Structures are given as structure tokens and as C-alpha cells.
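**Q**
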Amino acid sequence: MVTLTKTFDVTRLYKVSRRRGLKFNMFLCWCIGKAASRIEEFYMLPQNGKLYKYDRLAVNVIVNNCNGGINSCDVPYCDDLEKFSRDYTALTQSASSSCQSTFIDDAMVIGTSAMTATELDSIVNQYTDQFCNPMVMWGRYRKKWLKVSLPISFQFHHTQMDGGHAAHFLEELQHVIKSI
Numbered sequence: 309m310v311t312l313t314k315t316f317d318v319t320r321l322y323k324v325s326r327r328r329g330l331k332f333n334m335f336l337c338w339c340i341g342k343a344a345s346r347i348e349e350f351y352m353l354p355q356n357g358k359l360y361k362y363d364r365l366a367v368n369v370i371v372n373n374c375n376g377g378i379n380s381c382d383v384p385y386c387d388d389l390e391k392f393s394r395d396y397t398a399l400t401q402s403a404s405s406s407c408q409s410t411f412i413d414d415a416m417v418i419g420t421s422a423m424t425a426t427e428l429d430s431i432v433n434q435y436t437d438q439f440c441n442p443m444v445m446w447g448r449y450r451k452k453w454l455k456v457s458l459p460i461s462f463q464f465h466h467t468q469m470d471g472g473h474a475a476h477f478l479e480e481l482q483h484v485i486k487s488i
């Protein structure tokens, strides 16, 4: 696994999410899905010595549940922000109240982990052969004057993509965020 870290300008994302009443992390997950959907390597999953190709994407989020634990929740990605937002809200609320994880088996899943209780400069996940999915992680965004920034760590399996593909994804993600 390889991890790249980049600090993003999320000022536009922050402002639009506040103005439209959208959750910042949901909006960021949608941006991640949108950027990834434009890169062929994101549809591939290395597992058990093989490379599997999927037709669609999902974004995984970690949800705090009503018993104080956490659950995993896969949200199907679609270009329609309103639909993604409805799915995100319904699925995460269900996972939170039922304390049950939900998974989508027929989609390539991009993992996310938002640790918004603290500002982080970087997150590096320990490699495990059970999870070869790409992973996007962040902490709390930082407001300074009129700018909002967010360091984001992106971890990927080198069989799935090269560093150039990963860097292209990070640039595409910044482009999506700025063009909202």
C-alpha cells in the first residue's frame, strides 16, 4: 500500500455545503466519488492475486451508532448530488440506529474515514490483505481568514494504480471541489 497526503483548499465546498444545508462530509464523499468515477483504475480491485473490474462505485463511510460503537456503511455513488445525499442520509441513519453495517458487494468501494474530532496532518492506515480498496482519510478542516483547508490522506494498492494515477486522482478531486 502507498499513501499520499495533500492539503486541499475546501473553501468552496465549505461555503456551498453551509448555504445549501448539506453535511460537509457527505459533500466531500460525493466529490471523492465524482473524481474517482473519472479514473479507470478506481473500478479495479486487487484481491487474492487477481484484479477484479466493477461497473459501478460506492463510497464507504464509518458511522457512529446509537450504542457508542461504529458501523460501516456503503453508499452507492451517482452523479446526482441530491440522490447521493438522500441515499447517504438514509443509509447512515439506518446504520446508526440499527447498529448494523451495510455493504454493497457488486460495486468497487472507496473507503473513507473522517476523524473530525481533531486536526490531523496525515493518516496512514496499516496494510492488511483483507482490505485492498483505496482509502481516503481526513480530520477536521482548518479555517484561517477567508480560506478553509483540509489535509487528506489517500492510500491505495500499488497493483491497482501507480503513483501517477493516484496523484491524478488528488488533482481531479481538487478540481471537483473547486468547481462545485
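In the numbering used here, the protein residues as written are 309 to 488.
Glycine is no exception: its CB is placed at the ideal position from the N, C-alpha and C atoms.
Just so it is clear, the structure is predicted and the values come from calculations on it, not from any experiment.
(1) Taking only runs of the beta strand (DSSP E) that begin and end inside the region 352 to 428, which ones reach a length of at least 3 residues, in chain order?
(2) Does the separation of the CB atoms of Asp-382 and Ile-412 fall below 8 Å?
(3) Tell me which residues share the same chain as Thr-424 and place their Cβ nearer than 6 Å to its Cβ, disregarding the 5 neighbours each side in the sequence.
(4) Return helix, strand or coil for Trp-446, following the three-state DSSP convention.
(5) If I follow the unbroken beta strand (DSSP E) through Leu-458, where does it start and stop?
(6) Please classify Cys-339 as buried or exposed, where buried requires at least 16 neighbouring CB atoms within 10 angstroms.
(7) Is it right to say Ser-393 is buried, meaning 16 or more other beta carbons lie within 10 angstroms of its own, or is it exposed?
(8) Span of the alpha helix (DSSP H) holding Lys-323?
(9) Round the Cβ separation of Ala-415 and Asn-379 to the nearest angstrom and send it over; I've been treating them as touching at under 8 Å.
**A** According to the structure data:
(1) 352 to 355, 358 to 361, 365 to 372, 378 to 384 and 416 to 422
(2) yes
(3) Arg-448
(4) strand
(5) 455 to 464
(6) buried
(7) buried
(8) 319 to 328
(9) Contact doesn't hold; Cβ gap of about 18 Å is too wide.
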